[in-house]
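Per numbering that gives the first Met the number 0, the sequence shown starts with residue 0, numbered consecutively.
Working notes, structure below.
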Amino acid sequence: MTQIDHVHVPLGERAYDVVIGQGLLAQAGALIGPHLHRPRVAILTETRVAGLHLEALQAGLQRSDIVASAYALAPGEATKGWAGLAEAVEWLLDAKVERRDMVIALGGGVIGDLGGFAAAVLRRGVRFVQIPTSLLAQVDSSVGGKTGINTRHGKNLVGAFHQPSLVLADIDLLDSLPARDFLAGYGEVVKYGLLGDAAFFDWLEVNGPALARGDKALRQHAVRVSVEMKAGIVARDETEQGERALLNLGHTFCHALEAATGYSDRLLHGEGVAIGCALAFDLSARMGLCAQETPGRVRAHLRAMGMKTDLVDIPGDLPGHEALITLMGQDKKVQDGRLRFILAREIGAAFVCDDVPGALLGEILRDACAARR
Numbered sequence: 000m001t002q003i004d005h006v007h008v009p010l011g012e013r014a015y016d017v018v019i020g021q022g023l024l025a026q027a028g029a030l031i032g033p034h035l036h037r038p039r040v041a042i043l044t045e046t047r048v049a050g051l052h053l054e055a056l057q058a059g060l061q062r063s064d065i066v067a068s069a070y071a072l073a074p075g076e077a078t079k080g081w082a083g084l085a086e087a088v089e090w091l092l093d094a095k096v097e098r099r100d101m102v103i104a105l106g107g108g109v110i111g112d113l114g115g116f117a118a119a120v121l122r123r124g125v126r127f128v129q130i131p132t133s134l135l136a137q138v139d140s141s142v143g144g145k146t147g148i149n150t151r152h153g154k155n156l157v158g159a160f161h162q163p164s165l166v167l168a169d170i171d172l173l174d175s176l177p178a179r180d181f182l183a184g185y186g187e188v189v190k191y192g193l194l195g196d197a198a199f200f201d202w203l204e205v206n207g208p209a210l211a212r213g214d215k216a217l218r219q220h221a222v223r224v225s226v227e228m229k230a231g232i233v234a235r236d237e238t239e240q241g242e243r244a245l246l247n248l249g250h251t252f253c254h255a256l257e258a259a260t261g262y263s264d265r266l267l268h269g270e271g272v273a274i275g276c277a278l279a280f281d282l283s284a285r286m287g288l289c290a291q292e293t294p295g296r297v298r299a300h301l302r303a304m305g306m307k308t309d310l311v312d313i314p315g316d317l318p319g320h321e322a323l324i325t326l327m328g329q330d331k332k333v334q335d336g337r338l339r340f341i342l343a344r345e346i347g348a349a350f351v352c353d354d355v356p357g358a359l360l361g362e363i364l365r366d367a368c369a370a371r372r
C-alpha cells in the first residue's frame, strides 16, 4: 500500500484537506461520501478527460453506492468563458442539483476553474470537490478557492473565491498526460521553489528529470511540497490582499503572452509561467535585486527539463513590446493603474514590487522580442 498524504488547508469553517496519493479514484466514494448529505453527485468534466478517467471515478463512487451524473464540456482554454459557464450551469440546473448537493470538477485547470465558478454561482453557492487530472491543477489551481473564467478583456477577470470541500490529487492520473502538458505543469512546481523555497529548487535541479520520466514517489513529493506551500500562503491570505500575490510569480508576463497568442495551444499556461519566471528574474537582475547569474541558473534548469524559457520558443507571430505592456495593463494585479510584479532578491526570496521603471520593463521586453527576429 503506497503512502497517502493529507495536507490541511486551515480556513475555519471553510477548511478542507488535499489528499495526495496513488489509486484515489478507486477510493473516491469512501473519501467523498462523508461530505455528502445524500448519495448523489454531479460531475463536470471535459471530453478528453472523460474518455480517460470518468469510468474509473464513477466506479469508485458506485462502490459506496453514490449515484453520479456527468457532463463533458469541450476541452481547451476556449471553454473557460461565458458560453462554457452557461452550458455548465444550465446542465447542473437540468440535473436538479440542490443547494446541499456536491459538484465534482474532474479535469485540469480549465474544468477546475470553470466548475468551481459554476458551483459558486449555482443557487448562490453549492459545495464542490476538485479532482485535478493535470500536474498544473494538482499543485496550483485546485487549491485555494480561486475560480473563474476568461473574457475578451483578459484571463480570470470574472470569478469568485469559493473553497472546495475536498481535493483528491491522484498521482496515477499524471501517467496519462502528454509530455508537453506534464512539463507545462512543472512550470508551476518550479515556481514554488523560486518564490519561497530555495531548498526545494535545489531538490528539483537534482530530481526533476527522473520526476518527469515517471517516478511516482518523486512526483508525489513534489506535489505535496507544492501544496503545503500554497496551503500555508492561502491560510494566511485567502483573498490575495498581500502574501498570496507571491503565487503570481511570472504571471504578469504569462497572462500577456497568453492573450497575445489567443489562449491557444501555441502557449500552454505553465509554459507561459516558466517564460514569465525567467523574465521576472531578468527584470530583478537588471534592477540590481539579485545576482546577475541567477536568471541563467533559472533558465538552465528549465532548459534541462526541455521547457520553453524565452519568447523565441513561442511559435507564430507575437506583437511588439509596447503591445505586450498594454496587455499587461489588464492584469488583475494592477492597482491604481500601476503594474505590480513579483520580483526576487534571490531564488526562494520573492516579493511584490509596484515601482518597476517603465523604461526598464520596455527594455526587457524589447530585447526578448528582438531575439525572435
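Note that beta-carbon positions come from the ideal geometry of N, C-alpha and C, so glycine has one too.
Please read all numbers here as calculations on a predicted model, not as lab measurements.
Assuming residue i and residue j make a contact with CB atoms under 8 Å, what is their CB distance in whole Å?
i    : j    : result
I232 : L248 : The pair is not a contact, with the Cβ atoms about 12 Å apart (cut-off 8 Å).
A183 : L113 : The pair is not a contact, with the Cβ atoms about 18 Å apart (cut-off 8 Å).
F200 : G347 : 6 Å
R123 : M101 : Not really, about 16 Å apart at Cβ, beyond 8 Å.
H273 : G186 : In the sequence as displayed, the identity of residue 273 is Ala instead of His. Yes, A273 and G186 are in contact; Cβ-Cβ is about 4 Å, under 8 Å.
L91  : A117 : 6 Å
G319 : C368 : 6 Å
L135 : G108 : 6 Å
V8   : A234 : 6 Å
Going by C-alpha to C-alpha distance, which of the options sits closest to residue i?
i    : options                   : result
I103 : D201, R123 and L56        : L56
W202 : R337, G143 and V224       : V224
L210 : A255, A369, G305 and R298 : G305
L279 : E45, A49, E362 and L134   : The question names Leu, but residue 279 is Ala in the sequence shown. That would be E362, whose Cα lies nearest to the Cα of A279.
L217 : L193, L173, E237 and L194 : L173
L364 : D354, D353, L326 and V351 : L326
D281 : E239, I341, D264 and Q240 : I341
D196 : K229, L24 and K95         : K229
L176 : H320, I313, R296 and G213 : G213
H300 : G207, G315, A49 and A358  : G207
R265 : G315, G295 and H254       : G315
A27  : L60, G115 and R372        : L60
E321 : L360, P356 and F350       : L360
V311 : Y191, R372, A244 and D16  : R372
P356 : I324, Q329 and E345       : I324
A119 : S263, G328 and F160       : F160
G106 : H52, G144 and G83         : H52
Hey, would you say residue i sits closer than 8 Å to residue j, going by beta carbons?
i    : j    : result
L165 : L30  : yes
G20  : D4   : yes
K307 : E270 : yes
T150 : G158 : no
D370 : D309 : One detail in the question is off: residue 370 reads as Ala in this sequence, not Asp. Closer than 8 Å, so yes.
A69  : T44  : yes
E227 : V18  : no
I148 : G192 : no
C289 : E242 : no
Q329 : G50  : no
A244 : V351 : yes
Buried or exposed for residue i, going by 16 or more other Cβ atoms inside 10 Å?
i    : result
V205 : exposed
R339 : buried
R98  : exposed
R337 : exposed
Q219 : buried
T409 : The structure shown does not extend to residue 409, since the chain spans only 0 to 372, so no value can be given for it.
A178 : exposed
K95  : exposed
P33  : exposed
G111 : buried
T293 : buried
P38  : exposed
D353 : exposed
D180 : buried
Stretch pair the region 121 to 138 + the region 167 to 174: three plus CB contacts closer than 8 Å: Cβ pair count under 8 Å is three or more, so yes.
Cβ contact (3+ pairs, closer than 8 Å) linking the region 7 to 14 and the region 65 to 78: Three or more beta-carbon pairs separated by less than 8 Å are not found between the region 7 to 14 and the region 65 to 78, which leaves the two stretches without contact.
Three or more C-beta pairs below 8 Å linking the region 60 to 68 and the region 136 to 147: No contact exists between the region 60 to 68 and the region 136 to 147.
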